[in-house]
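What follows is one structure encoded as structure tokens, with my remarks underneath.
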Amino acid sequence: MGGVATDALVLEAKRNLYKNYPLAPGQALANVSVDFKRSFFPIISKAKVVISADIIDFNEGAVVKSEVEKFPIGLENKRENELNVASEMVYFEYESKLKLGKIVGYGLTRVKVMSLSERDRLRIKRVPVRKLFFMNKNEAILETNFNIGDEVTYVDEIVDENGAYRNVLRSGTVFGLGQKGAVIKYNVEDVPLFFVVEYEKISLKE
Numbered sequence: 395m396g397g398v399a400t401d402a403l404v405l406e407a408k409r410n411l412y413k414n415y416p417l418a419p420g421q422a423l424a425n426v427s428v429d430f431k432r433s434f435f436p437i438i439s440k441a442k443v444v445i446s447a448d449i450i451d452f453n454e455g456a457v458v459k460s461e462v463e464k465f466p467i468g469l470e471n472k473r474e475n476e477l478n479v480a481s482e483m484v485y486f487e488y489e490s491k492l493k494l495g496k497i498v499g500y501g502l503t504r505v506k507v508m509s510l511s512e513r514d515r516l517r518i519k520r521v522p523v524r525k526l527f528f529m530n531k532n533e534a535i536l537e538t539n540f541n542i543g544d545e546v547t548y549v550d551e552i553v554d555e556n557g558a559y560r561n562v563l564r565s566g567t568v569f570g571l572g573q574k575g576a577v578i579k580y581n582v583e584d585v586p587l588f589f590v591v592e593y594e595k596i597s598l599k600e
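In terms of my numbering, the sequence shown opens at residue 395 and continues consecutively.
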């Protein structure tokens, strides 16, 4: 079976897959695998291509199913508390911005996160665990006394009108929890803004 013939079979199998299992808006294929099955007879031989894939649903309320149920994130002292966070919605840092995504795969130090691009196209990125911010508290991943919704104060470094750096005390609400810091939500003239702050700079509001 030559390369051209093989490519044609794979292409036809992909067409049949999309035809028989059309994707709804907000869905994408993941973990695509291609298997070749050959049958030999005295005069002829037959080749069959089987394509399988998982359908990942990025829509709100959808659940991503995975055969692997554990999430070993490389924290040796936390292995007894491994947990399943597949399909969980998270915020992650990408190009100095916070983006919303859904976990669709995981490894020891990185996870696969599906998110929408600026053109509303689904993309899957490998994100270090340290850049994830969860919207609920996962004890096996996070070591912090803060909780989602806590009213807090934090120190922010700004540049004043003279070009000098100085610290100001701000207040806000904990919106997301990461390994080293939290996403703080605060308002400026009724416009919600989000800022990543290290835990050591955050205090519960009295």
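Beta carbons: idealized from backbone N, C-alpha and C, even for Gly.
With 16 or more neighbouring CB atoms inside 10 Å of its own CB, glutamate 482 falls in the buried class. Going by C-alpha positions, valine 582 is about 28 Å away from aspartate 514. Cβ-Cβ distances below 6 Å link leucine 563 to Thr547 in the same chain, with the five nearest sequence neighbours on each side left out; the list follows chain order. Just so you know, the alpha carbons of asparagine 556 and valine 505 end up roughly 43 Å apart. Here the alpha carbons of arginine 409 and glutamate 592 stand approximately 49 Å from one another. With a threshold of 16 other beta carbon atoms within 10 Å, serine 509 meets it and is buried. Per the DSSP secondary-structure output, arginine 564 pairs in a beta bridge with Tyr548. Ranked by Cα distance from lysine 531, the options Arg524, Asn539 and Lys525 are led by Asn539. Only buried fits alanine 576, as 16 or more other CB atoms lie within 10 angstroms of its CB. Excluding sequence positions up to five before and after phenylalanine 528, its CB lies within less than 6 Å of the CB of Val484 and Leu571, all in the same chain and listed in chain order. Sequence-distant partners of isoleucine 596 (beyond 5 residues in either direction) whose C-beta falls short of 6 Å from its own C-beta, in its chain, are Val546 and Tyr548.
Excluding its 5 nearest sequence neighbours in each direction, lysine 574 has C-beta neighbours in its own chain below 8 Å: Arg524, Glu592 and Tyr593, listed in chain order. Each residue's CA atom was taken as its position, placing isoleucine 497 and valine 521 some 10 Å apart. Of the residues assessed, leucine 417 falls on the exposed side of the cut-off, its CB having fewer than 16 other CB atoms within 10 angstroms.
In the three-state reduction of the DSSP assignment, arginine 524 falls in the helix class, which pools H, G and I.
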